[in-house]
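Q: For reference, the structure I am asking about is given below.
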Amino acid sequence: MHIITRARLAAFWEKHPASRTSLLLWYKLTLTARWQSLVDVCRVLPTADSVGNLTVFNIGGNKYRLITLIDYTYQKVFIRSVLTHAEYDKNN
2 MHIITRARLA AFWEKHPASR TSLLLWYKLT LTARWQSLVD VCRVLPTADS VGNLTVFNIG
62 GNKYRLITLI DYTYQKVFIR SVLTHAEYDK NN
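Take the position in the sequence shown, starting the count at 1, then add 1; the result is the number in the numbering used here.
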């Protein structure tokens, strides 16, 4: 998958250094994936959930939320936002 953009991940882990290892693992797994559906995503990352047209990943043992838009046809993952669990709960 082509991930747009890694810079959002880096900006988040600069503010939340404990998230770096988990976000890099997500990045590496996603970069090599060739997902065709949410079922494929969940085979690799079982904490992924569909929320409307977005896919939300629980990262770092449920400490963080990574909100993405996945275009399976063009093999692109657009990172919409990265939030702490508390920030995510406050907004939803």
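Glycine is no exception: its CB is placed at the ideal position from the N, C-alpha and C atoms.
Computed from a prediction, not measured in an experiment: that's the story for all the values here.
1) With three or more beta-carbon pairs closer than 8 angstroms as the criterion, would you say the region 4-22 touches the region 59-68?
2) Please identify the residue among Y28, E15, A12 whose C-alpha is closest to the C-alpha of V77.
3) In whole angstroms, what is the alpha-carbon distance linking V52 and A11?
4) Is the beta carbon of F13 less than 8 angstroms from the beta carbon of L30?
5) Could you spell out where the beta strand (DSSP E) holding S51 opens and where it closes?
6) Note down, in chain order, each residue of its chain lying with its Cβ closer than 7 angstroms to the Cβ of L32, except the 5 sequence neighbours on either side.
7) Mark T69 as exposed unless 16 or more other C-beta atoms lie within 10 angstroms of its C-beta, in which case mark it buried.
8) Measuring CA to CA, which of E88, V83, L26, L55 is closest to Y73?
9) In this structure, what does DSSP give as the bridge partners for D72?
A: Quick answer:
1) yes
2) As written in the sequence, residue 77 is Lys, which differs from the Val given in the question. Taking only the C-alpha atoms, the option nearest K77 is Y28.
3) 24 angstroms
4) The answer is no: Cβ separation not under 8 angstroms.
5) Taken as a continuous stretch (DSSP letters only), the beta strand (DSSP E) holding S51 covers 50-52.
6) M2, I4
7) Its Cβ being crowded by 16 or more others within 10 Å, T69 is buried.
8) L55
9) Looking at the DSSP assignment, D72 forms a beta bridge with K77.
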